[in-house]
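Novice: Start counting the sequence shown at 0; every next residue gets the next number (numbering that gives the first Met the number 0). Glycine included, each C-beta is placed from N, C-alpha and C at the ideal position. Predicted, not measured: the structure shown is a model, and the values here were computed from it.
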Amino acid sequence: MQQFNFYMNDVVEIARKEMVEAGYKELKTPEDVNGVMNEDGTTLVMVNSVCGCAGGIARPAAAYMKNYETTPDRFVTVFAGQDKEATATARDYFKGYAPSSPSFALLKDGEIQMMVERHEIEGHEPIQVVQKLEKAFDQYCK
0 MQQFNFYMND VVEIARKEMV EAGYKELKTP EDVNGVMNED GTTLVMVNSV CGCAGGIARP
60 AAAYMKNYET TPDRFVTVFA GQDKEATATA RDYFKGYAPS SPSFALLKDG EIQMMVERHE
120 IEGHEPIQVV QKLEKAFDQY CK
């Protein structure tokens, strides 16, 4: 069991590091989340997780989006199953959407504009996720 915990700690650390290196700010507390959500402008929230579709599809798509010509004001991430209170607080802003991880939420002035949910990530190619996000960025982030 201890070996498994060490392994999971490594997996979590790698997943966190990928998002930070891609330029996303980690929100680890409810206060972090509320602080960002109360800022004016647009925010992309990537709900990170340790599943395969997060590592193989969502995180690569998230990294790619930092280089798109039209971007939100902020790129942030919460970690489902790890920073539970921060994730729950973020999900309070995703009105009308069930909890989903991994996922992406685009908010404007703290109001949900669109989401890319797990069922739109799992079993898809990263480019399909990128295209949904590009369309949303073009619509809401000008």
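With distances taken Cα to Cα, identify the nearest neighbour of K83 among A62, V44 and T28.
Specialist: For K83, the nearest C-alpha among the options comes from T28.
Novice: So for F136, helix, strand or coil by DSSP?
Specialist: Reduced to three states, the DSSP call for F136 is helix.
Novice: May I have the straight-line CA-CA distance separating I114 from L105, to the nearest angstrom?
Specialist: At residue 114 the sequence reads Met, which differs from the Ile that was named. One C-alpha to the other measures close to 6 Å.
Novice: Any idea which residues DSSP pairs R73 with across the strands?
Specialist: T42
Novice: Is the stretch 85 to 92 in contact with the stretch 16 to 31, if contact means three or more CB pairs nearer than 8 Å?
Specialist: Yes, the stretch 85 to 92 is in contact with the stretch 16 to 31.
Novice: What does the alpha-carbon distance come out to for the pair P59 and Q130?
Specialist: Between the C-alpha atoms of P59 and Q130 there is a straight-line separation of about 13 Å.
Novice: For K140 and N8, I'd like the C-alpha separation in whole angstroms.
Specialist: Before going further, note that residue 140 is Cys rather than Lys in the sequence given. Within the model, the alpha-carbon separation for C140 versus N8 is close to 35 Å.
Novice: Mind checking N4: buried by the 16 CB within 10 Å criterion, or exposed?
Specialist: exposed
Novice: When you compare only the Cα positions, how much space is there between D108 and G40?
Specialist: 5 Å
Novice: With the cut-off set at 8 Å, would you say I111 and F136 are in Cβ contact?
Specialist: No, these two residues do not count as a Cβ contact at 8 Å.
Novice: Where does the unbroken alpha helix (DSSP H) through A89 begin, and where does it stop?
Specialist: K83 to D91
Novice: So who's on the other strand from L26, going by DSSP bridges?
Specialist: Answer by DSSP bridge pairing: none, since L26 is not bridged.
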